[in-house]
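Protein chains in written order, with the numbering used here: chain R, 177 to 423; chain H, 177 to 423. No residue lacks a Cβ here, since even glycine has one placed at the ideal position from N, Cα and C. First up is the structure itself, then whatever we jot down about it.
There are 2 protein chains.
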Amino acid sequence: MYPTAHQEAITITRRLTRQQSRELTREQLLQAAAELFAEHGVSGTSVEQIVERAGYTRGAFYGNFEGKHELVLALLEQRTQRELEEIQELSRDAGSFDDLMDHMRSWYRRRDETLGSWLALRTELWLYGLRDPKLLPVLADRERRSRAALAQALEQGFADRSVAPPAPVEFLALVVHSLGDGLSIQRVISPEDSDIDTVANAIELLMRSWSALARNPAPANEASRPSPGHPTDKSRMPPIEKPEKNP
Amino acid sequence: MYPTAHQEAITITRRLTRQQSRELTREQLLQAAAELFAEHGVSGTSVEQIVERAGYTRGAFYGNFEGKHELVLALLEQRTQRELEEIQELSRDAGSFDDLMDHMRSWYRRRDETLGSWLALRTELWLYGLRDPKLLPVLADRERRSRAALAQALEQGFADRSVAPPAPVEFLALVVHSLGDGLSIQRVISPEDSDIDTVANAIELLMRSWSALARNPAPANEASRPSPGHPTDKSRMPPIEKPEKNP
DNA sequence: CATTTCAGATACATAGCCGTATTGGGATAC
DNA sequence: GTATCCCAATACGGCTATGTATCTGAAATG
Numbered sequence: 177m178y179p180t181a182h183q184e185a186i187t188i189t190r191r192l193t194r195q196q197s198r199e200l201t202r203e204q205l206l207q208a209a210a211e212l213f214a215e216h217g218v219s220g221t222s223v224e225q226i227v228e229r230a231g232y233t234r235g236a237f238y239g240n241f242e243g244k245h246e247l248v249l250a251l252l253e254q255r256t257q258r259e260l261e262e263i264q265e266l267s268r269d270a271g272s273f274d275d276l277m278d279h280m281r282s283w284y285r286r287r288d289e290t291l292g293s294w295l296a297l298r299t300e301l302w303l304y305g306l307r308d309p310k311l312l313p314v315l316a317d318r319e320r321r322s323r324a325a326l327a328q329a330l331e332q333g334f335a336d337r338s339v340a341p342p343a344p345v346e347f348l349a350l351v352v353h354s355l356g357d358g359l360s361i362q363r364v365i366s367p368e369d370s371d372i373d374t375v376a377n378a379i380e381l382l383m384r385s386w387s388a389l390a391r392n393p394a395p396a397n398e399a400s401r402p403s404p405g406h407p408t409d410k411s412r413m414p415p416i417e418k419p420e421k422n423p
Numbered sequence: 177m178y179p180t181a182h183q184e185a186i187t188i189t190r191r192l193t194r195q196q197s198r199e200l201t202r203e204q205l206l207q208a209a210a211e212l213f214a215e216h217g218v219s220g221t222s223v224e225q226i227v228e229r230a231g232y233t234r235g236a237f238y239g240n241f242e243g244k245h246e247l248v249l250a251l252l253e254q255r256t257q258r259e260l261e262e263i264q265e266l267s268r269d270a271g272s273f274d275d276l277m278d279h280m281r282s283w284y285r286r287r288d289e290t291l292g293s294w295l296a297l298r299t300e301l302w303l304y305g306l307r308d309p310k311l312l313p314v315l316a317d318r319e320r321r322s323r324a325a326l327a328q329a330l331e332q333g334f335a336d337r338s339v340a341p342p343a344p345v346e347f348l349a350l351v352v353h354s355l356g357d358g359l360s361i362q363r364v365i366s367p368e369d370s371d372i373d374t375v376a377n378a379i380e381l382l383m384r385s386w387s388a389l390a391r392n393p394a395p396a397n398e399a400s401r402p403s404p405g406h407p408t409d410k411s412r413m414p415p416i417e418k419p420e421k422n423p
């Protein structure tokens with residue numbers, strides 16, 4: 177439609193080199209796709225809709241991607257990259273655990289503006305990955321890295337409070353990480369039942385609770401239960417071993 | 177294809193009354209749709225695929241539903257109903273909180289067999305609801321009921337341990353509920369990083385931690401932080417009020 | 001400038017899906 | 001047993017998406 181629009185998009189420099197033009201197109205297609213995927217889902221979005229929103233025609237699309245599948249791959253790659261950068265950034269310039277909590281709180285506040293569409297896209301991508309055997313490991317790896325960063329932060333947090341974690345930090349990180357996802361879902365479904373700071377508040381509550389437990393681990397009347405006793409196998413997550421009922 | 181298949185489906189009784197036949201068809205269409213939605217998503221599934229898997233033709237479909245939209249509605253209704261029944265059942269025949277934890281553990285064990293497809297369908301339905309303004313309140317209501325049941329159970333749990341909850345049980349229920357979702361997602365993405373009992377273990381850990389916190393609320397070196405102080409507004413969830421930094 | 005190259009537009013052929021209109025055959029009613 | 005009803009199958013028309021093949025004009029190259 178507007179092949180000249182590229183020239184307006186750049187400020188002064190020159191008209192636009194070919195490579196630049198190509199990259200810009202690719203980026204705009206990805207952006208349009210991201211929006212549409214959030215709105216109507218991956219398979220609810222046609223290639224024509226994507227190029228229309230980006231201001232191109234199908235020719236541009238097939239010149240840049242083999243098909244929708246490859247575009248989704250590229251989008252997943254891009255978003256994964258960004259997410260990991262955000263996490264690194266977050267934990268990099270935080271001195272203490274409480275620092276990091278502050279950063280996390282403001283991160284979630286910013287995120288809250290567009291929580292619905294953000295989460296929808298994220299969810300679409302994981303569903304897509306779930307259905308493609310080649311992609312699932314990629315997702316798994318991303319989650320693992322996130323959890324690893326979280327685990328490190330938690331370790332720091334316990335050190336700050338000079339208590340020992342009541343369970344392997346990897347397990348606690350899994351819990352905290354999952355909590356972020358789950359609470360976000362709940363917030364999108366019914367915002368009136370939660371709060372912009374719910375995630376941060378919940379995590380702080382957990383941290384205080386775990387610290388309390390670490391200081392005061394065996395409260396008498398719970399000894400009757402087959403209490404876990406800290407897991408000796410560090411690599412494995414689940415702390416509890418129950419006596420079996422069937423012989 | 178096999179209009180006579182209905183007769184084989186019933187055991188002895190009679191050939192099949194008309195109404196029965198109709199209901200059976202509807203049910204089979206719903207079942208087929210549920211499977212396909214989990215496999216390929218709602219909009220990734222065509223009406224033809226649905227009727228093909230159910231063993232009918234499109235005529236049967238449009239005789240029973242106005243279109244795919246109405247089928248999704250019916251499916252959501254059905255699944256919501258079942259889920260709430262399961263929850264009620266779970267909490268009904270559990271005497272104590274620990275009882276309920278046992279039931280929940282075995283529930284999650286059973287669920288684990290088909291966790292992937294179950295969660296995929298569930299997720300597809302919530303994404304669908306998210307995009308339909310009429311449906312979102314339905315989802316919200318379902319979640320609210322689940323959380324309410326959970327809150328009640330938690331209340332019982334704290335009573336069993338004779339401690340006061342460290343935050344409104346509604347908030348704790350939100351946390352526990354979200355945790356269930358989040359951990360399930362993580363488990364589907366990378367089963368090797370979690371465990372079949374992770375959800376139950378995590379919840380038990382939380383319960384012990386919260387009990388510990390309730391018994392030992394103010395651990396000295398944390399007083400410097402703007403500690404929440406239990407929320408006075410019971411209806412609202414988030415416990416923490418922070419001092420503002422910008423004037 | 002003249003020529004080549006290539007990003008993106010246009011044109012086209014094909015396939016799949018949707019929804020309705022019609023038909024057939026087994027249940028229901030008399 | 002015959003007539004009626006109605007559930008599901010079949011047939012049809014229209015629409016939309018896909019992918020390729022071809023074309024155009026602006027950048028790169030000399």
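- Counting Cβ pairs, one atom from each stretch, are 3 or more of them under 8 Å apart for the region 242-258 of chain H and the region 298-310 of chain H? Segments in contact, yes.
- Item | Touching by the beta-carbon criterion (3+ pairs, under 8 Å), the region 329-340 of chain R and the region 324-341 of chain H | They do not touch, by the three-pair rule.
- Message: Rounding to the nearest angstrom, what Cα-Cα distance links residue 194 of chain H and residue 309 of chain R in this structure?
- Response: C-alpha of residue 194 of chain H to C-alpha of residue 309 of chain R: approximately 44 Å in a straight line.
- Task: Indicate the three-state DSSP secondary structure (helix, strand or coil) for residue 367 of chain H in the structure shown.
- Result: DSSP places residue 367 of chain H in helix when its eight states are reduced to three.
- Task: Go ahead and pull the three-state DSSP assignment for residue 305 of chain R.
- Result: Three-state result, residue 305 of chain R: helix.
- Give the secondary structure of residue 343 of chain R by DSSP, where H, G and I count as helix, E and B as strand, and everything else as coil. The three-state secondary structure of residue 343 of chain R, taken from DSSP, is coil.
- Message: Using only CA atoms, which one of R:379, R:282 and R:363 lies nearest to residue 312 of chain H?
- Response: The shortest CA-to-CA distance from residue 312 of chain H to any of R:379, R:282 and R:363 is the one to R:363.
- Query: Buried or exposed: where does residue 358 of chain R fall if 16 or more other Cβ atoms within 10 Å of its Cβ makes it buried?
  - Reply: Burial call: buried.
- Mind checking if residue 361 of chain H is an interface residue toward chain R, Cβ cutoff 8 Å exclusive? It does: the Cβ of residue 361 of chain H has a partner Cβ on chain R nearer than 8 Å.
- Query: Is residue 259 of chain H helix, strand or coil by DSSP?
  - Reply: Here residue 259 of chain H sits in helix by DSSP.
- Message: Helix, strand or coil for residue 232 of chain R? Go by DSSP, reduced to three states.
- Response: DSSP places residue 232 of chain R in coil when its eight states are reduced to three.
- Item | Proximal residues of chain R, C-beta to C-beta of residue 223 of chain H below 7 Å | Result: empty, since nearest Cβ-Cβ is about 14 Å, beyond 7 Å.
- Message: Which residue wins for smallest C-alpha separation from residue 295 of chain H, given the options H:346, H:314, H:361 and H:269?
- Response: The residue with the shortest Cα to Cα distance from residue 295 of chain H is H:361.
- Task: Report the rounded CA-to-CA distance for residue 298 of chain H versus residue 215 of chain H, giving the unit in angstroms.
- Result: Going by the C-alpha atoms only, they are around 12 Å apart.
- Over the uninterrupted alpha helix (DSSP H) stretch that includes residue 372 of chain R, give me the two end residues. For residue 372 of chain R, there is no enclosing alpha helix (DSSP H), as DSSP marks it with neither H nor E.
- For residue 323 of chain R, which residues of its own chain have a beta-carbon under 8 Å away from its beta-carbon, when the five flanking residues on both sides are left out? Leaving aside the five residues that flank residue 323 of chain R on each side, the residues in its chain whose CB is nearer than 8 Å to its CB run, in chain order, 346, 349, 350 and 353.
- Message: Any contact between the region 226-238 of chain R and the region 203-211 of chain R? By contact I mean 3 or more CB pairs, one from each, below 8 Å.
- Response: Three or more pairs of CB atoms, one per stretch, sit closer than 8 Å, so the region 226-238 of chain R contacts the region 203-211 of chain R.
- Item | Proximity test, Cβ basis, 8 Å: residue 121 of chain R and chain H | Any property of residue 121 of chain R remains undetermined from this structure, which presents chain R solely from 177 to 423.
- Message: Judging by CA-CA distance, which residue of H:200, H:199, H:292 and H:212 is the nearest neighbour of residue 365 of chain H?
- Response: When H:200, H:199, H:292 and H:212 are compared, the shortest CA-CA separation from residue 365 of chain H is found for H:292.
- Answer yes or no: does any C-beta atom of chain R fall closer than 8 Å to that of residue 342 of chain H? Under the Cβ criterion of 8 Å, residue 342 of chain H is counted among the residues facing chain R.
- Indicate whether residue 373 of chain H and residue 287 of chain H have their beta-carbon atoms separated by less than 8 Å. When the beta-carbon positions are compared, residue 373 of chain H and residue 287 of chain H stay at least 8 Å from each other.
- Query: If residue 381 of chain R sits next to residue 388 of chain H, beta carbons under 8 Å apart, how far is it from one beta carbon to the other, in whole angstroms?
  - Reply: Not really, about 12 Å apart at Cβ, beyond 8 Å.
- Taking 8 Å as the cut-off, decide whether the C-beta atoms of residue 284 of chain R and residue 376 of chain R are in contact. Cβ distance < 8 Å, so residue 284 of chain R and residue 376 of chain R count as in contact.
- Query: With distances taken from CA atoms, which of H:392, H:383, H:393 and H:391 is nearest residue 273 of chain H?
  - Reply: For the residues H:392, H:383, H:393 and H:391, the minimum Cα distance to residue 273 of chain H belongs to H:383.
- Query: Anyone know if the C-beta pair for residue 385 of chain R and residue 197 of chain H falls short of 8 Å?
  - Reply: Their beta carbons are not under 8 Å apart, which means residue 385 of chain R does not touch residue 197 of chain H by this criterion.
- Item | residue 320 of chain H and residue 260 of chain H closer than 8 Å at C-beta | Using a Cβ distance threshold of 8 Å, residue 320 of chain H and residue 260 of chain H do not count as a contacting pair.
- Message: Cutting at 8 Å between CB atoms, please list the residues of its own chain near residue 211 of chain H, excluding the five before and the five after it.
- Response: For residue 211 of chain H, where only same-chain residues beyond five positions count, the Cβ hits under 8 Å are 229 and 293.
- Message: Within 8 Å of any Cβ in chain H, is that where the Cβ of residue 219 of chain R sits?
- Response: Interface residue, yes.
- Item | Cα-Cα separation, residue 223 of chain R to residue 243 of chain R | Rounded to whole angstroms, the separation of the alpha carbons of residue 243 of chain R and residue 223 of chain R is 8 Å.
- Item | Nearest-angstrom Cα separation, counted from residue 344 of chain H out to residue 219 of chain R | Answer to the nearest angstrom: the Cα atoms are 41 Å apart.
- Message: Within a Cβ cutoff of 8 Å, which residues of the same chain sit near residue 227 of chain H, ignoring the five residues on either side of it in sequence?
- Response: 205, 208, 233, 234, 236 and 237.
- Message: Assuming contact is defined by CB atoms lying nearer than 8 Å, are residue 300 of chain H and residue 356 of chain H in contact in what I supplied?
- Response: Cβ distance not < 8 Å, so residue 300 of chain H and residue 356 of chain H don't count as in contact.
- Task: With a threshold of 16 other CB atoms inside 10 Å of the CB of residue 221 of chain R, please say whether the residue is buried or exposed.
- Result: Residue environment for residue 221 of chain R: buried (at least 16 other C-beta atoms within 10 angstroms of its C-beta).
- Determine the burial state of residue 371 of chain H: buried for a count of at least 16 other Cβ atoms within 10 Å of its Cβ, exposed for fewer. So residue 371 of chain H ends up on the buried side.
- Task: Whole angstroms is fine: what's the gap from residue 392 of chain R's alpha carbon to residue 342 of chain R's?
- Result: Put simply, the backbone Cα of residue 392 of chain R is about 10 Å away from that of residue 342 of chain R.
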